[in-house]
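> Have a look at the structure that comes next, please.
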Amino acid sequence: MSASQKLVLASGSPRRIELLQQAGIEPDRILPADIDETPQRSEHPRSLAKRLAKEKAEKAAAVLTKEAGSGPGFVLAADTVVAVGRRILPKAETTDDAVACLQLLSGRAHRVYSGICLITPAGMARQRLVETRVRFKRLSRNEIDRYVASGQWRGKAGGYAVQGLAGSFVVRLVGSYTNVVGLPLYETAALLAGEGFDVHGGWPAGVVS
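Each number in my numbering corresponds to the 1-based position in the sequence shown with 1 added.
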């Protein structure tokens, strides 16, 4: 494989890996970038998503540069932020986090922002920001408790995973569904293709009649 067609995903998220595979894109390497994701003072959710995606990509690229024998390639990173207005919801790690998020989201609209950053083989950073609007139905305390008991909220921005049980909470979704899952596929594929990566290289070769 040409070094210019190598793809490193700077994320260990199973959701992002599965989404790329769904699009026929198989990362050559998974290199999670551990960074401080604490929002800066008065930082807007949009700005946070873009900044964290860029920091993840840059950290993974720096690791690759230090490794002997690592040729140039593409480094892809993303970060997803859930917000109600300017209020940024956490990646839920405790049941209290999850309950607080679901109570806030109950019966109201929120926005999901994903920042994407691609570092090209030439070392250029390309970024995109994708926004999706989501409205939840009004949740009963029993629904919140049962969802929290499922554990599907753990580590998820906003305390829910739309591709799981929480999909039944969504009254309306305007924009990219895969963005809410964790990686907007259309924008990611377009970004890669625009920089010369063959996004169709892993697609099955069918017979044209």
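Idealized CB from N, CA, C, for every residue including glycine. Computed from a predicted structure; not experimentally measured.
Does the beta-carbon distance from valine 83 to arginine 134 come in below 7 Å?
No, these two residues do not count as a Cβ contact at 7 Å.
> By the 10 Å Cβ neighbour count, where 16 or more other Cβ atoms means buried, how is arginine 52 classified, buried or exposed?
buried
> How would you label arginine 109, buried or exposed, when you count the other beta carbons within 10 angstroms and need 16 or more for buried?
exposed
> Three or more beta-carbon pairs under 8 Å between the segment 176-195 and the segment 139-147, yes or no?
Under the Cβ criterion (8 Å, minimum of three pairs), the segment 176-195 does not count as touching the segment 139-147.
> Grab the span of the alpha helix (DSSP H) containing leucine 186 for me, first residue to last.
186-195
> For serine 48 versus proline 33, is the C-beta distance shorter than 7 Å?
At least 7 Å separates the beta-carbon of serine 48 from that of proline 33.
> Based on Cα-Cα distance, which residue from Gly124, Asp97, Ala158, Pro40 lies nearest to alanine 58?
Gly124
> Check this for me: beta carbons of cysteine 102 and glycine 168, under 7 Å apart or not?
Against a cut-off of 7 Å, the Cβ pair of glycine 168 and cysteine 102 comes out as no contact.
> Rounding to the nearest angstrom, what Cα-Cα distance links aspartate 199 and leucine 65 in this structure?
21 Å
> Tell me whether phenylalanine 198 sits in a helix, a strand or coil according to DSSP, three-state version.
coil
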